[in-house]
Structure formats: structure tokens, C-alpha cells
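**Q** Shown below is the structure under consideration.
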Amino acid sequence: MSDLPTAEAAAEDLALPGAGAQPRRTGGRRARDAVMAYAFLAPAVLLFAAFAYYPLYRLFWYATHRQPRFRNKEATWVGFGQLWDTLTSNDFTSGLLHSFQFMVYTVPLGLGLGVLLAVAAHRRLKGIKIFQTVFSSTVATSVAVASVVFFTLVNPEVGYFKDVPWLSLNNPRSAMFAVALTTVWQNLGLTFIVILAALQAVPDELTEAATLDGFSATRRFFRITVPLISPALLFLAVVLVISALQAYAQIEFLTGGGPGDSTETLLYKIADPKGTRSLDVRSGLSIGLFALTAVVAAVQYSLLSKRVHYGD
Amino acid sequence: MATEPTASPTETAGSPVEATGRRRIRPADIGWYLVLTALSLIILFPIYMLILRALSNPLEYVKQGQPLHPVDIEWDVFVKAFTEADLGRAMTLSLLVTVIIVAVQLITSVLAAYAFAFLDFPGKTAMFVVVIGTLLLPIEVTLIANLETVRNLGWLNSLQGLTIPFLATAFGIFLIRQGFAGVPRDLLDASQLDGYGHLRFLFRVAVPMTKPIIGSFVVIAVLGAWNQYVWPRFATDQRTWQTVQVALRSIGSDRVDRLNIGFAAAILAALPRLALLLFVQRQMIRGLTAGAVKG
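Those sequence lines, one after another, are chains P and C.
Position one of the first sequence corresponds to residue 1 (my numbering), numbered consecutively onward.
Position one of the second sequence corresponds to residue 1 (my numbering), numbered consecutively onward.
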């Protein structure tokens, strides 16, 4: 989640490379500045090279090589056909499908509830701060803590709602929804805070003017408020999509991927806690996840640049 | 949260509040209080269940048909979480990992951000692309390959293994660079006329002027590092190297009569984060909304 604000910052930066350059420096100083810049960038760039780019190269390497049975033997090149096989396998398709299912359960519901809470708490009332604090309280939980919380609710043996059919972890048709609710609940605090901040930034005069013009409350909300808070909603939508792609702990805590493979998302198959898949398959699946992440970033970038062109 | 009293979209203008200029409870508000209370109860119910289950004897609780009040309360469960579930060790490790990650992230981010904000050099755009590119390579994507690297280096179950892959962050570089953009360039020119070097300008002028944003970054980084799950889960296979979040995993596989210890551990694991949030709510909200409501 913390990666997301930067994507937006990055979008801005691409438009203005080398912002603030003043061409009045002397040659000697320029050279010294350049040396200084490389020295300052070196730690971050070396770390990125070792733990972001080198792994990407290794993923492709593993995905195109057959691993030896024993660790002391050499791996052999088998080509991109192996990667292609992985990305067209049922394993990949079902992981993808489950990740999308998770997204469909978490993103609209998360945004909708966030708007509901924010609209309810965005008003002048005595003690409203207490309600606002309660609504943002789930920010205090981590994925692991939230998973334990929902363990007490939906665990098939000891969960409080173990007999509620649409929350049953024993049924492949409802298990993913029950797991997804963990994420919806855990993200409520964040969505509430961000949407409330956006609502508070909407100028009073606008809604008041619309009231005088005879707009109904519903029309005011959808014609004035929603467009004005849409940047916040877009930001949250991306955050929630990414967090769906990266969901792992809640699945491991609650279902272990089951029943069957009904809650095995793409990342769950990559992490493969039971160790049923080979390194080359898991690398191929990782490359699939990488491609998916890139698509989300591309969509976000195009939506953002649209806003820059036509928006406020 | 700064809550300016603003008229909500569904409220009619010219309410008594505006007329008198002070708050008082109107009959129409009662409906809102009911709605807000109902929503609060729904949100808090899961937390209530966790506390309830932590305090109750697990076997007795099930035997009595899972009531909404605690059963056979065992207060020493929190002590047991520390002694039997080894939560103290896990918390110390998590704290250490968090401090190392955040401290080094701060250094690498401030330096890189400075280069992007104040220095001109060949290949600046290329370097920027290198940093942006890492946004497409979160640990979930690179997990498998990084695990192989760390295993080959002999870093499984080690402090290096838990921290080194996270010592640089594009998020930090961009956020702090944005902060530096608010520092007037004239100040740099002036300080250079005075014979100050870049390091001195960075630590005497640029960093002090960017404190609020750096503060937000530290808060977000602490929360992120403390909450990590996937990497520490797979970069360790010994109990002694489990961070708090990973240690919570054992609750599912534990014996049913000891489940309450796991629930108590989850409560204790959330407390540091809760405390941090209460103290630094403003920084956190600024950090969280940095991308959403930027001007």
C-alpha cells in the first residue's frame, strides 16, 4: 500500500525531468555535482539492483531453465516454451481467477463502505470525533492481526459465525468471500480516513449553491461530491487492487488455500507454503504477477494523466 | 483528524447550528446518532470477539455455546502469551528489524532524494526510471528469486536476511524529494557562495526544512516494517527468528485448549502500532493521504 502515493508522484515527475536545473554553474562545479549525485544515489541504486532488478532477471532465468534434481548439478536451458507452458497452465489460470475473485469482493465493497462511513461521519454533531476515531480504528491492525481477528469469527471449528452458510470456510463457494471480508474490514480505516479527508476538502459553497438551485440530496451527492472526491476514490481503488494482488497472510491463517484450491490466489501459489510446485513454475507465476502489477500501474498512469488533461 | 464543522451533502443549509453558531443536539440528529452507533458496533464487533476469546477459557467457551460475554476468565493469558508463546522475543526481534530498516531507509532515501532535487548530472532521467521501475517489483513479485539469493548467501534466519532487501525504497525517495522541492534553490546558491558544501546544506538546511514530510515518511515506514508478513514468513524457518506477525501464525496449528494464548498474543502485537497511531495520528494521515489529496 505504501508504494502507491509514489506512482502518482512518479507520473508527475516523468513530465518534468530534471526540474529546477539552473544553467549558470561553472564546469568544475558541474563535474563535482555529478560525482556527488552518483555517490548519493549509489546506496539506493545498488540495493535496487541487487534486490529488485537482479531477482527479476533470475525469475526469467529460472522460468527458462530446468532445475536439476540435486543442488550440485547445473540447470539446463529449456527456453521460453517452459515459461509459456506455465502461463497457459490451469494452475496459473485458476490463481489468476482467484486473485480477480478476491479483487471483485474487496474493491467495490471496500470503496462503498468507506464512502458510507465517511458520509455518515462527515457532519456537525456533538461527539462526532469519537465516531471518527472508531471508524478509523482498523488502521491499527496488521494483516496478521486482522487474520487472527477473523479467525475468531469464521474458523470452521471455533468461529462465532461458523454456521453462517455464506461465510463458511468449508464451502469452496463461500470461502473466498469470508477471507476477503478480512481485507475489507482491515482496509476500512484507511478508506474512511482518505475519503473523509476528501469530503472535508469539498467547499461548502458548492453544495449550498446546489441546494439553492433545487438539487436533491442524492443529485448533489452524485453530481458534485462524487466528482470532487474522485481522485481520492481512484487512489483508493488502486491501493485496494494492489492489496488484493498481494493478499497472503489472511489466506494462510484462515484456509491454507482450501477447500480444494478455491482460495489459492496467484501469490499463494507463488509462495507455495506446502512446497508442491517447482522453482521454474513458481518463477513463471511470479512473472505473471509482475505483468499484472505492470498493467495496474499502466491503467493508473493513464487515468491520472487523463485527470491532468481534463480535470480540475 | 482536523474536522472542520462543515455541512454534509445530505444536510439542509440554514440549520439551527449556523443560526446560533454553537452545537446542540437537534431531534433530527438522533437518527444520525443511531446510524453512527450501529456502524460503530459493526466495526468494533470483530475486535470485541478477539478480546472476548482471549479472555475466555477456550474449551469452556465452546461448551457454553459461544455466548457474547467472556466465560471462565483467565487474566494470566497475557502473561502466558509472553512466556509460553515467546512473544517477548518475537517483539524484540520485530523492533530491531523495524529500527534497522527505517533508519537505513531514511539515509538512503534522503541522499537519493537530494541528488534528484538539487543536483544536475548526466543520466538523471535514466536514474529516475530505475527508481520508478522498482514500483513494479514489490517483494511479492521478487519473493522467489530473493529467497534463492538470501539462501545462497546463507542469510536465512538472520538479521541481514530480514532487513537488507528493504533498505532502499522508491516511496521514501519520491516523498522526500517532493519535500525538498519546497526548499528554495536560492538557499542552495547562497550557501554555496558562503563556501558550504552539499552535505552541509543537506543536513543544516534541506532536512530541517523538510521535517514534517520526513516525519510522515518515518511513520509510514515504521508501520510497514512492523507489519511485514510475506518476506519474514519465508526468509525464516526457525521459531527463534520469527517476527511478531509471523509468530501469530502458530495460533491456527496450536491446540484448541490453548487458542486463547494466540488471541491474546494478537492483541499484544497490535498494541505498539495502536500506541504509535495515537501519538502520530497527524503524520500518519498526511502520509496516507499524500497521494490522494495532493494539491
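The C-beta atom is built at its ideal place from N, Cα and C for all residues, glycine as well.
As the structure is a computational prediction, the values presented were derived from the model and not from experiment.
Would the beta-carbon of C/SER40 fall within 8 Å of that of P/VAL139?
**A** Their beta carbons are not under 8 Å apart, which means C/SER40 does not touch P/VAL139 by this criterion.
**Q** Check whether the Cβ atoms of P/THR313 and C/ARG255 sit closer than 8 Å, and answer yes or no.
**A** Past the edges of chain P, shown from 1 to 312, lies residue 313 of chain P, and the structure says nothing about it.
**Q** Could you tell me which residues DSSP pairs with P/ASN77 in its beta bridges?
**A** The sequence shown places Trp at residue 77 of chain P, rather than the Asn named in the question. DSSP lists P/HIS65 as partners of P/TRP77.
**Q** On the three-state DSSP scale, how would you describe P/THR183?
**A** The answer is helix: DSSP assigns P/THR183 an H, G or I state.
**Q** What three-state label does DSSP hand C/ILE73 in the structure shown?
**A** In this structure, C/ILE73 counts as coil in the three-state DSSP scheme.
**Q** Just to confirm my understanding: we take C/ILE132, look at its own chain, exclude 5 residues before and 5 after, and list those with CB closer than 8 Å. What are they?
**A** For C/ILE132, where only same-chain residues beyond five positions count, the Cβ hits under 8 Å are ALA170.
**Q** Starting from C/GLY133, follow the alpha helix (DSSP H) in both directions and report where the run begins and ends.
**A** Per DSSP, C/GLY133 belongs to the alpha helix (DSSP H) from 124-133.
**Q** Consult DSSP for C/PHE203 and reduce its assignment to one of helix, strand or coil.
**A** Reduced to three states, the DSSP call for C/PHE203 is helix.
**Q** Alpha carbon to alpha carbon, how far is C/PHE166 from P/PHE222?
**A** C/PHE166 and P/PHE222: Cα-Cα distance of roughly 42 Å.
**Q** For the region 177-198 of chain C, which residues have a beta carbon sitting closer than 9 Å to at least one beta carbon of chain P?
**A** Correct list: ARG177, GLN178, ALA181, ARG185, ASP189, GLN192, GLY197, HIS198.
**Q** Give the straight-line distance between the Cα atoms of C/ARG273 and C/MET284, rounded to the nearest whole angstrom.
**A** One C-alpha to the other measures close to 11 Å.
**Q** When the Cα atoms are used, what is the spatial distance from P/PRO23 to C/ASP120?
**A** In this prediction, P/PRO23 scores a pLDDT of 47, lower than 50, which makes its location untrustworthy; no coordinate-derived value is stated.
**Q** Candidates P/SER302, P/ASN187, P/ASP280: which alpha carbon is nearest P/PHE92's?
**A** P/PHE92 has its Cα closest to that of P/ASP280, out of P/SER302, P/ASN187, P/ASP280.
**Q** Is there a C-beta anywhere in chain C that falls below 8 Å from the one on P/ARG58?
**A** Judged by the 8 Å Cβ criterion, P/ARG58 is in contact with chain C.
**Q** Does the Cβ of C/GLY21 have 16 or more other Cβ atoms within 10 Å, making it buried, or fewer, making it exposed?
**A** The pLDDT assigned to C/GLY21 is 48, lower than 50, so where the model puts this residue is not dependable, and the model offers no usable value.
**Q** Taking only beta-carbon positions, decide if P/TYR160 is within less than 8 Å of chain C.
**A** Yes - at least one Cβ of chain C is within 8 Å of the one on P/TYR160.
**Q** So which residues on chain P does C/ARG273 lean against when the C-beta distance must stay under 9 Å?
**A** Residues of chain P passing the Cβ test: VAL139, ALA140, THR141, SER142, VAL145.
**Q** Mapping the DSSP letters down to three states, classify C/GLY21 as helix, strand or coil.
**A** Note that C/GLY21 scores 48 on pLDDT, short of 50, meaning its location in the model is unreliable and no value can be drawn from it.
**Q** Over what stretch of residues does the alpha helix (DSSP H) that includes C/TYR61 continue unbroken?
**A** From DSSP, the alpha helix (DSSP H) with C/TYR61 extends over 58-63.
**Q** So within the region 197-265 of chain C, which uninterrupted alpha helix (DSSP H) runs reach at least 4 residues, ignoring any that extend past its ends?
**A** List check, alpha helix (DSSP H) in window: 198-201, 211-227, 230-234, 244-247, 250-253.
**Q** If I follow the unbroken alpha helix (DSSP H) through C/GLU148, where does it start and stop?
**A** Residues 139-152.
**Q** Within 10 angstroms of its Cβ, does P/GLU314 collect 16 or more other Cβ (buried), or is it exposed?
**A** Only positions 1 to 312 of chain P appear in this structure, which leaves residue 314 of chain P out of reach.
**Q** Compare the Cα-Cα distances from C/LEU143 to each of P/VAL296, P/LEU289, P/GLN300 and report the closest residue.
**A** If we check each option's Cα against that of C/LEU143, P/LEU289 comes out closest.
**Q** Return the residue from the list C/ALA247, C/GLY262, C/PHE279 that minimises the CA-CA distance to C/ALA94.
**A** Rather than Ala, the amino acid found at residue 94 of chain C in this sequence is Ser. The shortest C-alpha separation from C/SER94 is found at C/ALA247.
**Q** Whole angstroms are fine: how far does the CA of C/LEU156 sit from the CA of C/PRO46?
**A** Roughly 35 Å between the two C-alpha positions.
**Q** Within 10 angstroms of the Cβ of P/LYS269, are there 16 or more other Cβ atoms? Answer buried if so, exposed if not.
**A** Buried.
**Q** Once you ignore the five residues that flank C/MET209 on each side, which residues in its own chain have a CB closer than 6 Å to its CB?
**A** Excluding sequence neighbours, C/MET209 sits near VAL183.
**Q** Using the C-alpha atoms, what's the distance from P/VAL145 back to P/GLN250?
**A** Answer to the nearest angstrom: the Cα atoms are 9 Å apart.
**Q** Counting contacts by CB-CB distance shorter than 8 Å, is P/ARG282 in contact with chain C?
**A** Yes, its Cβ sits closer than 8 Å to a Cβ of chain C.
**Q** Quick one: residues in its chain with C-beta nearer than 6 Å to the C-beta of C/MET91, no 5 flanking neighbours on either side, listed in chain order?
**A** These residues qualify, in order along the chain: VAL244.
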